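One line per chain: the protein sequences are A and B, in this order. Read in order, the letters of the first sequence are residues 1 to 175 in our numbering. Read in order, the letters of the second sequence are residues 1001 to 1175 in our numbering. Beta carbons are placed, not taken as given, at the ideal position from N, Cα and C, and that holds for glycine. Being a predicted model, the structure only gives us computed values, none of them experimental. Since the structure comes first, as structure tokens, the remarks are kept for the end.
There are 2 protein chains.
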Amino acid sequence: MERSIRVLRVGQRYVRDDRTLTHLCLVSRALGAEAIYLEDAEKDVTATLDEVNRTWGGDFEVVLGVTWRKMVQEARKEGRSVVHLTMYGLPIQEVAPKLREVDKLLIVVGGPKVPGRVYHEADYNVAITSQPHSEVAALAIALHEIQSGEELKRTFRKSRLRILPSARGKRVVEN
Amino acid sequence: MERSIRVLRVGQRYVRDDRTLTHLCLVSRALGAEAIYLEDAEKDVTATLDEVNRTWGGDFEVVLGVTWRKMVQEARKEGRSVVHLTMYGLPIQEVAPKLREVDKLLIVVGGPKVPGRVYHEADYNVAITSQPHSEVAALAIALHEIQSGEELKRTFRKSRLRILPSARGKRVVEN
């Protein structure tokens, strides 16, 4: 199945939390999402991801300045299922079989300030364990489970550099 | 199989990178490791994890001030396999079947300043994709793959609070 997965970050802290944000973008890109949507305009993150695309390939997109309501409305219109990751939701291992059959997904990654409405607007509220840990880890496992590990095998078009996996050391080739 | 998984953080940046460190600790705890070993003495992280244990249960340990060489030596002595996570390593999907048969593991999570020796001392250098992303995500997927998703089902003894997974909203009970 050809899948379209987009990621939306909601409820980030007002204090800058760049590293988590950058990690969410990089994980989305590396693990098979086509774009991430951010509420705040974080120009640094866009520049970082542009550079990663240039070096490592693909055309992952960072879209800035969207509101979560508008994104969820648009998802509805195009028949995209909205999956909100939260430690209060239903276990991923129970929901994953259903999610694997969906071809268009918007994965909503909550930060500390998620509006309560998000729980009600989402088609699925999904927990990666009911323990506190990390939205970066939760996103990674959700992407991995939904795509049944197939995302690990993907390649990125038009990269400048490419790693040759090896048992010891670092092997990188220029394309 | 009864598995013992420990995590070691190596090569953290000298500038404080507390959020990533806290996430590594929380992910290790939530996804089935018994302890994390940190080179630097980050007292804040210890206090945070103590509080998480008190509230959410279990006896996950944060051990401060170890050197990676000593940890790897000890791992050798007790027959513990050393798995170094690096984007230059062999794909997790190829190595995982072997790792699932090992009962004692030390997972080494590299930061930006990993000494080159780590690549040579590790029994396995393993990549969660050969793309740049996040050590937090890499650790999560490694733990998930090694334990075949079983880690998602574990419970934590002696918790003060417990979440009742739900399709909408937040349900938390006191034990």
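Restricting to Cα atoms, I'd like to know which of A:Val27, A:Arg19, A:Pro132 is closest to A:Asn53. Check the Cα spacing between A:Asn53 and each of A:Val27, A:Arg19, A:Pro132: the tightest is with A:Val27.
Which residues in the same chain as B:Ala1035 place their Cβ atom closer than 8 Å to its Cβ, once the five residues preceding and following it in sequence are excluded? Closer than 8 Å at Cβ, skipping near neighbours: Arg1006, Val1007, Ser1028, Phe1060, Glu1061, Val1062, Val1063.
Helix or strand or just coil, what does DSSP make of B:Leu1085? Three-state result, B:Leu1085: strand.
With a threshold of 8 Å between beta-carbons, can B:Trp1056 be considered close to chain A, or not? Interface criterion met: the Cβ of B:Trp1056 is under 8 Å from a Cβ in chain A.
Buried or exposed: where does B:Gln1012 fall if 16 or more other Cβ atoms within 10 Å of its Cβ makes it buried? Under this definition B:Gln1012 is a buried residue.
Could you please give the first and the last residue of the uninterrupted alpha helix (DSSP H) stretch that includes A:Val66? A:Val66 -> no alpha helix (DSSP H), and no H or E assigned at all.
Leaving aside the five residues before and after A:Ile141 along the sequence, list all residues of the same chain whose C-beta is less than 6 Å from its C-beta, in chain order. Closer than 6 Å at the Cβ level, and outside the excluded window around A:Ile141, lie Ile128.
Could you tell me if A:His144 is buried or exposed, where buried requires 16 or more neighbouring beta carbons within 10 angstroms of its beta carbon? Buried, since its Cβ has 16 or more Cβ neighbours within 10 Å.
Please list the partners that A:Gly149 has in chain B, where partner means a Cβ-to-Cβ separation under 7 Å. What A:Gly149 touches in chain B: Gln1093.
Just tell me which of B:Lys1170, B:Ser1159, B:Arg1171 has its CA closest to the CA of B:Asp1050. From the listed residues B:Lys1170, B:Ser1159, B:Arg1171, the smallest Cα separation to B:Asp1050 is found for B:Ser1159.
For the beta strand (DSSP E) that A:Glu145 lies in, which residues bound it at each end? Run containing A:Glu145: none in the beta strand (DSSP E); it sits in the alpha helix (DSSP H), 135 to 146.
Put A:Arg6 into one of helix, strand or coil per three-state DSSP. Reduced to three states, the DSSP call for A:Arg6 is strand.
Roughly how many whole angstroms lie between the Cα atoms of A:Glu42 and A:Ala167? Approximately 37 Å between the Cα atoms of the pair.
Taking 6 Å as the limit between beta carbons, can you name the residues of its chain near A:Lys113, skipping five residues before and five after? If we look at A:Lys113 and ignore the five residues flanking it on each side, its Cβ neighbours are Gly11.
So is A:Asn175 in contact with chain B if we call contact Cβ pairs under 8 Å? Chain B has no Cβ within less than 8 Å of the Cβ of A:Asn175.
Buried versus exposed call for B:Arg1157 [16 or more other C-beta atoms within 10 Å across all chains shown]: Exposed.
Endpoints, the alpha helix (DSSP H) within which A:Lys98 is located: Unbroken alpha helix (DSSP H) run through A:Lys98: 92 to 99.
Give the range of the alpha helix (DSSP H) segment to which B:Leu1106 is assigned. For B:Leu1106, there is no enclosing alpha helix (DSSP H); the enclosing beta strand (DSSP E) has its first and last residue at 1104 to 1110.
Contact check, A:Arg154 vs A:Gly57, beta carbons under 8 Å: Not a contact, by the Cβ cut-off of 8 Å.
Residue burial classification, A:Arg80 (beta-carbon count within 10 angstroms, cutoff 16): With 16 or more other Cβ atoms within 10 Å, it is buried.
Compute the distance between the beta-carbons of A:Pro165 and B:Leu1090, then report whether it is under 8 Å. Contact: yes.
Is the Cβ-Cβ distance between B:Val1083 and B:Ala1122 less than 8 Å? Closer than 8 Å, so yes.
Should A:Val136 be flagged as near chain B, meaning a C-beta pair shorter than 8 Å? Closer than 8 Å to some Cβ of chain B, the Cβ of A:Val136 qualifies, so yes.
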